[in-house]
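Participant:
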Amino acid sequence: MKSRLKITTVALLFASFFAAMTSFFSTAEDMTQPMKGDYEVATLAGGCFWCTESDLEKLDGVVDVVSGYAGGSLENPTYKQVSSGKSGHIEVIQVTFDPTIVSYEQVLDQLFRHMDPTDNKGSFVDRGPQYRPAIFFHNEAQQVIAQEFMNAVDAVKVYPKPLATELIEFKKFWLAEDYHQDYYKRNPIRYKYYRNASGRDKYLDSVFGEDREDNPKTLRQYIDENKMAQNVKQYSKPSESEIKKMLTKQQYYVTQKEGTERPFDNAYWDNKAEGIYVDIVSGEPLFSSTDKYKSGTGWPSFTKPINKAYITEEDDFALFSKRTEIRSKFADSHLGHVFSDGPKPTGLRYCMNSAAMRFVAKADLAKEGYEEYVNLFN
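Read left to right, the sequence shown gives residues -28 to -1, 1 to 350 (mature numbering (1 follows the signal peptide of the UniProt record, and there is no 0)).
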């Protein structure tokens, strides 16, 4: 009897220890905090987590993506329970990202461009509330960003139907079973078959074009282009004779005849003042001093434009080798060229002609109608 009692006691102690450890690891996997050291966390739902995990891991600045469940009340749910649609959970991914490289809005942008945010009954071939699109916000800042982003996306009508993505306060995250993690890497053939059959990519091609992977266009670009179109819809490029009158010979030569000014002998190559550079003809905003750097070339150089929606890229073979010409969107002015020998984070060098631009100092932005760019210098 004593022997049995000892065995029973040991068994109970072991069971208690095991339960405690299980509880510990379950809690550790909840990852309820919006911050992880210097990183931030986003919890998102866009249908099958095999697909959303794959798509979000492609985004620069994303450190880690794991698949799991959120939204229900049942503790430690299994895939079988969640997939039944009766547990109240949604298939989600939890994205850890570096906010110095990629913003929360950009994470949302990547998600929305790889799901159907208009279907609250499921996701493509997977039907049921457990597959509906949702954003689980971790704090008020995420809630505000997500709501404003969705409102802006809805307004430009990128999708054929209004958004139906839920905005839900984050409570808890349960890590999915191990075989679901990195499924697209572990089972590439099965994953490819499932994804092709699901209808996801066919839908995305219909919305964003079949070249969406080779020439990606963010939702923020759609939003900004729409805003830009509203701002400049009355703009009509002046006639050639009018342009000749308003520009100097050098400005006309550069912008209208694809000319190049002399290095180290132009207005802005060494300009260190804070402000933005706008098109000399139309006034459309092009570059910011916050992205200007000393390239040593003798021309004003930038790592990126203020907004890609204000520029266009053209192949240029004028010097018997392919270069990428940069032109302004509305005035169609020749601005310069972009090269891939720039500094981090973009690795690009937008080499511009001073004669194609006008500088608007930070102090004059509001006065000249560019108040929305004041926050670039905060």
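Built from N, CA and C at the ideal position, the CB exists for glycine as well. No experiment lies behind these values; they were computed from the predicted model shown.
Among the residues of its own chain, which have a CB less than 7 Å from the CB of residue 286, if the five just before and after it don't count?
Facilitator: Closer than 7 Å at Cβ, skipping near neighbours: 297, 299.
Participant: Can you tell me which of 237, 109, 304 puts its alpha carbon nearest to the alpha carbon of residue 270?
Facilitator: Ranking 237, 109, 304 by Cα distance to residue 270 puts 237 first.
Participant: Report the start-end ranges of each alpha helix (DSSP H) in the segment 103 to 171 that is 4 residues or longer and not cut off at the edges.
Facilitator: 112 to 128, 155 to 158, 160 to 170, all fully within the segment 103 to 171.
Participant: Do residue 322 and residue 274 have their C-beta atoms within less than 9 Å of each other?
Facilitator: Yes, these two residues count as a Cβ contact at 9 Å.
Participant: Candidates 169, 168, 167, 194: which alpha carbon is nearest residue 180's?
Facilitator: With distances taken between Cα atoms, residue 180 lies closest to 194.
Participant: Would you mind giving the Cβ-Cβ distance between residue 135 and residue 125, rounded to the nearest angstrom? I have them listed as a contact below 8 Å.
Facilitator: 6 Å between Cβ atoms; contact.
Participant: According to DSSP, is residue 354 part of a helix, a strand, or is it coil?
Facilitator: Any answer about residue 354 is impossible in this case: the structure gives the chain only from -28 up to 350.
Participant: What does DSSP give as the partner residue(s) for residue 260 in the beta ladder?
Facilitator: The partner list for residue 260 (beta bridge, DSSP) reads 248.
Participant: So, residue 68 versus residue 12, is the Cβ gap smaller than 9 Å?
Facilitator: Taking 9 Å as the Cβ cut-off, residue 68 and residue 12 qualify as a contacting pair.
Participant: Can you tell which of 57, 349, 337, 282 has the C-alpha that lies nearest to the C-alpha of residue 262?
Facilitator: Among 57, 349, 337, 282, the Cα nearest to that of residue 262 is on 349.
Participant: Taking residue 83 and residue 16 to be in contact with their CB atoms under 8 Å, please state how far apart those CB atoms are, rounded to whole angstroms.
Facilitator: 5 Å between Cβ atoms; contact.
Participant: Taking its Cβ as the centre, do 16 or more other Cβ atoms sit within 10 Å of residue 145, making it buried, or is it exposed?
Facilitator: By the neighbour-count rule (16 or more Cβ atoms within 10 Å), residue 145 is buried.
Participant: Mark residue 63 as exposed unless 16 or more other C-beta atoms lie within 10 angstroms of its C-beta, in which case mark it buried.
Facilitator: Answer is buried; the Cβ neighbour count reaches 16.
Participant: Pick out whichever of 96, 72, 92, 65 has its Cα sitting closest to the Cα of residue 109.
Facilitator: For the residues 96, 72, 92, 65, the minimum Cα distance to residue 109 belongs to 65.
Participant: Kindly identify the DSSP beta-bridge partner or partners of residue 16.
Facilitator: Paired residue(s): 65, 107.
Participant: Check whether the Cβ atoms of residue 18 and residue 24 lie closer than 9 Å to each other.
Facilitator: It is a contact, given that the beta carbons lie within the stated cut-off.
Participant: Whole angstroms is fine: what's the gap from residue 162's alpha carbon to residue 30's?
Facilitator: Approximately 20 Å between the Cα atoms of the pair.
Participant: Based on Cα-Cα distance, which residue from 305, 71, 259 lies nearest to residue 35?
Facilitator: Taking only the C-alpha atoms, the option nearest residue 35 is 71.
Participant: Between residue 45 and residue 60, is the Cβ-Cβ spacing less than 9 Å?
Facilitator: A contact, by the Cβ cut-off of 9 Å.
Participant: Quick one, which of 88, 158, 172 has its alpha-carbon nearest residue 137's?
Facilitator: Per the Cα distances, 88.
Participant: In the DSSP output, what is residue 330 paired with across the bridge?
Facilitator: Answer by DSSP bridge pairing, in chain order: 250.
Participant: Just to confirm my understanding: we take residue 94, look at its own chain, exclude 5 residues before and 5 after, and list those with CB closer than 6 Å. What are they?
Facilitator: Result list for residue 94: 100, 103, in chain order.
Participant: By the three-class DSSP mapping on this structure, what secondary structure does residue 345 have?
Facilitator: Residue state, collapsed to three classes: helix.
Participant: In whole angstroms, give me the CA-to-CA distance for residue 186 and residue 106.
Facilitator: The alpha-carbon atoms of residue 186 and residue 106 are separated by roughly 27 Å.
Participant: Work out the CA separation of residue 258 and residue 225 for me, nearest whole Å.
Facilitator: Roughly 19 Å between the two C-alpha positions.
Participant: For residue 121, is the classification buried or exposed, using 16 other Cβ atoms within 10 angstroms of its Cβ as the cut-off for buried?
Facilitator: Buried, since its Cβ has 16 or more Cβ neighbours within 10 Å.
Participant: Going straight from the alpha carbon of residue 252 to that of residue 119, what length do you get?
Facilitator: About 37 Å.
Participant: Taking only three categories from DSSP, how would you classify residue 307?
Facilitator: Looking at residue 307 - three-state DSSP - the assignment turns out to be strand.
Participant: In angstroms with no decimal places, state the Cα-to-Cα distance between residue 311 and residue 319.
Facilitator: Approximately 9 Å, taken between the alpha carbons.
Participant: Excluding the 5 residues preceding and the 5 following residue 281 in the sequence, name in chain order all residues of the same chain whose CB lies nearer than 8 Å to its CB.
Facilitator: Taken in chain order, the residues that qualify are 193, 196, 197, 200, 301.
Participant: So, are the CB atoms of residue 325 and residue 171 less than 9 Å apart?
Facilitator: No. Outside cutoff.
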